[in-house]
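These notes are about the structure you will find just below.
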Amino acid sequence: MQSVDKIITPRWIVPVEPDDTVLEGYSLVVHEGRILDLLPTAEAESRYHGETHRRLNQHALIPGLVNAHTHSPMTLLRGLADDLPLMDWLQDHIWPAEGRFVGEDFVHDGTLLAAAEMLRGGTTCFNDMYFFPETTAQVSGQVGIRAAIGLIVIDFPSAWASQASEYIDKGLDIFDRHKGEGLLSFCFAPHAPYTVADEPLKRLATLAAELDMPVHMHVHETAHELEESKARFGVHPLERLAQLGLAGPHLMAVHMTQLETGEIAHLADAGTHVVHCPESNLKLASGFCPVQALVEAGVNVALGTDGTASNNDLDMFGEMRTAALLAKGVSGNAAALPAHTALRMATLNGARALGLADEIGSLVPGKSADMVAVNLGELESQPVYDPVSHLVYAVGRHQVSDTWVAGRPLLRDRQLTTIDETQLRQRISRWQTRIAEAD
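Numbered as in numbering that gives the first Met the number 0, the sequence shown ends at 438 without a single skipped number.
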C-alpha cells in the first residue's frame with residue numbers, strides 16, 4: 000500500500016469536472032498538498048494508507064469556492080452606510096471614511112476578518128482590490144488562504160499612492176517581490192473606467208500582455224456610468240477599453256449590469272471574463288447582469304461578493320443562490336442558470352478568470368487540494384434528493400465544517416486553525432469604536 004497524507008471519504012463528492020457529476024462511494028486521496036487520486040472507496044482503502052482518514056458520512060465535498068471580486072479590508076465598514084445608490088454611497092460615505100482610516104493597520108485587520116469569514120464560509124481563494132495590497136498579501140500568507148492580489152490603480156491620491164503612475168510602479172514592485180509564492184497570484188486592478196485615465200489604462204494593457212496578468216476592473220456597473228462615458232468619451236466604457244487594448248482575454252469585467260446585445264457578442268468574441276456580483280448589485284440598485292444571455296453566448300461568468308460595505312457579507316453560498324434565482328427572473332426562464340452551473344461559476348469559472356484553472360476550481364487529480372466539506376445532515380437540509388440542488392438553494396454557510404487549502408486544514412469542525420478568534424474580535428471591537436465615534 001502507498002502511504003499518503005490523507006484520505007477523505009464523504010457521502011458525496013462533487014468534482015465540478017466533468018459537468019453535472021455527483022459521486023457516491025468515492026474517496027479523495029491527498030498527498031503533499033495535491034489531489035493524488037479520486038476513486039471508489041473500496042479501491043482507495045486497498046491501495047492507499049492515509050496518515051489520516053477523514054470519514055464525513057453526511058457531507059458533500061466540493062472544490063473550494065472562488066470569490067472572484069471583493070475588497071477584503073472593507074469588512075471594517077460593514078453596515079456603515081446602507082440603502083443608498085452607488086455614487087452617493089461612495090462619494091458621501093465610503094470614500095470619506097477611507098480617507099480618515101485606511102492605512103496598513105486597517106488593511107491588516109480588515110483582511111484578517113475577511114479571511115476568517117471566507118474560510119468559515121467555504122471560500123478558499125479570493126480576488127481582491129484595495130489599497131496597501133502588500134499587506135493583504137502578507138495576511139493571506141500568514142493565514143494560508145489563496146489570494147489573487149489586486150494591484151490597484153486609480154487617478155486619485157490615497158494613503159497608499161498619489162497618482163496612477165505611482166500606483167502602477169508600487170504594484171509592479173509588489174509583484175516582483177512576491178511572484179512565485181505558492182498561494183499568491185496577481186491582477187492589475189484599475190478601479191473603474193471613470194476613475195482611471197487613458198494613459199495609465201494603455202500602460203496597463205501593455206503590462207498585462209507582457210506579464211500575462213489579468214486586469215480586474217469595475218465595468219458597466221450602472222446606467223449613470225454609461226451616460227457619463229458617452230458624455231466624456233463619446234462611447235460606452237467597453238468600447239473605450241477596446242480602443243485602449245484592454246477588452247480581451249485578460250479582462251475581468253466586474254458587475255456588467257448594463258449590456259446591449261451587440262456588446263455581449265463582442266465579449267464572447269474577445270474572450271473577456273465577466274464577474275457577477277448579484278447581491279451587491281441588488282442592494283445598490285445598480286441593475287441586472289444578463290447572466291443567462293452571457294452564458295448562452297459562451298462568455299465565462301464567475302461569481303463575486305463585492306465588499307462587505309455593499310453586500311454586506313462574503314457569503315458565496317448566498318451569491319450562488321441569488322445568482323441562480325435572479326437569472327431566472329431576469330430571463331423569464333425557470334431553467335436558466337441551473338444549480339450545477341451556479342456551482343461551476345463559484346468554483347471553476349472563477350479559477351479560469353484568474354488564470355488558475357490548472358491549479359484550482361475542481362477536484363481533479365493533479366490539482367491543489369483546495370476543498371470544502373459541507374454538512375448536509377442538518378435538519379434544515381433534509382431530505383436530500385440532489386446534493387447540488389441543496390448546495391445552491393438550501394445550504395447556509397454555517398454548514399461548512401471543514402476547509403482545506405493546498406491540503407492544509409484551515410477550518411476543522413467549524414474551528415479556525417490559523418486565526419485566533421479571540422484576538423481578532425478584540426481588534427475589530429477597537430476599530431468599531433474608532434469608526435463609530437468619527438461617523
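All C-beta atoms, glycine included, are put in the ideal place defined by N, C-alpha and C.
None of the values given here were measured: they were computed from a predicted structure.
Check, Outcome
"For residue 1, the three-state DSSP class (helix, strand or coil)", "strand"
"C-beta atoms of residue 121 and residue 64 nearer than 8 Å", "yes"
"Per-residue DSSP class, three states only, for residue 407", "strand"
"Same chain, Cβ closer than 7 Å to residue 411, neighbours up to 5 away in sequence not counted", "401"
"Cα-Cα separation between residue 80 and residue 308, rounded to whole angstroms", "7 Å"
"Reduced DSSP secondary structure (H/G/I, E/B, other) of residue 65", "strand"
"Residues sharing a beta bridge with residue 399, DSSP", "373"
"Buried or exposed (CB count within 10 angstroms, at least 16 for buried), residue 48", "exposed"
"Rounded distance between the beta-carbons of residue 13 and residue 59, thought under 8 Å", "6 Å"
"Presumed contact (8 Å Cβ cut-off) between residue 338 and residue 326, rounded CB distance", "About 11 Å separates the two Cβ atoms, so there is no contact after all."
"Three or more C-beta pairs below 8 Å linking the region 360 to 374 and the region 71 to 88", "no"
"Beta-carbon contacts of residue 39 that lie in its chain and below 8 Å, excluding the five residues immediately before and after", "24, 25 and 26"
"Cβ-based burial, residue 18 [other Cβ within 10 Å; buried from 16]", "exposed"
"Alpha helix (DSSP H) segment containing residue 434, residue limits", "420 to 437"
"Euclidean distance between Cα positions of residue 354 and residue 429", "38 Å"
"Backbone secondary structure at residue 27 - three-state DSSP", "strand"
"Chain-order list of residues whose beta-carbon lies under 6 Å from that of residue 296 (same chain, five-residue window excluded)", "263 and 267"
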